[in-house]
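In my numbering, the protein residues as written are 12 to 252.
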Ligand code: CAA
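Dropping the structure here:
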């Protein structure tokens, strides 16, 4: 029987590439999405991957949603915490809502999702938790005090949980993408992209979502069982840590 993988924010951007790559690798995949019904329906029609709508910032919604996925596909063996949002603003202009929305999705989402699959993984003595952090959680970023705080938090969360999961056969890792060619990039003004960001990337281009998906498939595999608590950076050489 194929292993079951759940990808949050799995119908668009990097998440869609991860869902498709896991399916191609033989997993039974479910993808969550937060708002865009039309895009999710189109994704399911294109890929055959079932989508589920809930907000990862809401603990009870995660609990109920995960129970539904388990009823449909079976116990979740691979959790990919990919759902993420930006609400960029220089700190002096950042509102409390911009702060809490980003922390709610990008950091609390990891607790809400992982906490609801963790007991089953412990019981079955197998699990893979892979979270998508960001280069900006590693190096900080202008106008992203909220996002950088959450993404740095994702790395700390991973390192702590890796220690708890180790004896139960659960690995917990993080992928830290650099600037990837997705819709999220459209919020960056063209001038900033061309004059500030691109010149900082030694390979001279944005990354592709598939290049992040490949990292996830590798960390999810049974063969990656000795890798835990690690941060896999895929950023075109922009930041080396
Ligand atoms: N680095 C350095 N300077 C930047 C900058 C950046 N990334 N982004 C904006 N600036 C500068 C602008 O060039 C501008 O400078 P000048 O006034 O000298 O022209 C100044 O900051 C803008 O300041 P304002 O107070 O006018 O800012 P604003 O209220 O209009 O907000 C902004 C604009 C939201 C900061 C907008 O410029 C922006 O979105 N910038 C991009 C921020 C960014 O890089 N976010 C990363 C998104 S990618 C991501 O999150 C995915 C990932 O994981 C990698």
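Note that beta-carbon positions come from the ideal geometry of N, C-alpha and C, so glycine has one too.
- For residue 26, the number of other beta carbons within 10 angstroms of its own is at least 16, and it is reported as buried.
- Assigned with DSSP and collapsed to three states, residue 200 falls in coil, not helix or strand.
- Short of 8 Å from the beta carbon of residue 147, and not among the five residues preceding or following it, lie these beta carbons of its own chain, in chain order: 155, 158, 159 and 162.
- For ligand 1, a non-hydrogen atom lies closer than 6 Å to the CB of residue 101.
- By the 16-neighbour rule on beta-carbons within 10 angstroms, residue 125 is buried.
- Scanning its chain for C-beta atoms nearer than 7 Å, with the 5 sequence neighbours on each side dropped, one finds around residue 24 the residues 193, 194, 195 and 220, in chain order.
- If only complete runs of 4 or more residues are kept, the segment 75-151 shows the alpha helix (DSSP H) at 107-114, 120-135 and 146-150, in order along the chain.
- Only residues of its own chain outside the window of five on either side were considered, and among them 22 and 23 have a CB closer than 7 Å to the CB of residue 50, listed in chain order.
- Per the C-alpha coordinates, the member of 92, 90 and 114 positioned closest to residue 99 is 114.
- In the DSSP assignment, residue 61 forms a beta bridge with 41.
- Rounded to the nearest whole angstrom, the C-alpha separation of residue 137 and residue 183 is 11 Å.
- Remark: C-beta atoms of residue 61 and residue 44 do not approach each other more closely than 7 Å.
- By the neighbour-count criterion, in which a residue is buried when 16 or more other Cβ atoms sit within 10 angstroms of its Cβ, residue 197 is exposed.
- Secondary structure of residue 187 (DSSP, three-state): strand.
- Here residue 245 is bridged, per DSSP, to 188.
- As computed with DSSP, residue 182 is found in a beta bridge with 139.
- Out of 116, 201 and 76, the CA that lies nearest to the CA of residue 142 is found in 116.
- Only buried fits residue 32, as 16 or more other CB atoms lie within 10 angstroms of its CB.
- Under the 8 Å Cβ criterion, the segment 198-205 does not count as touching the segment 167-187, having fewer than three qualifying pairs.
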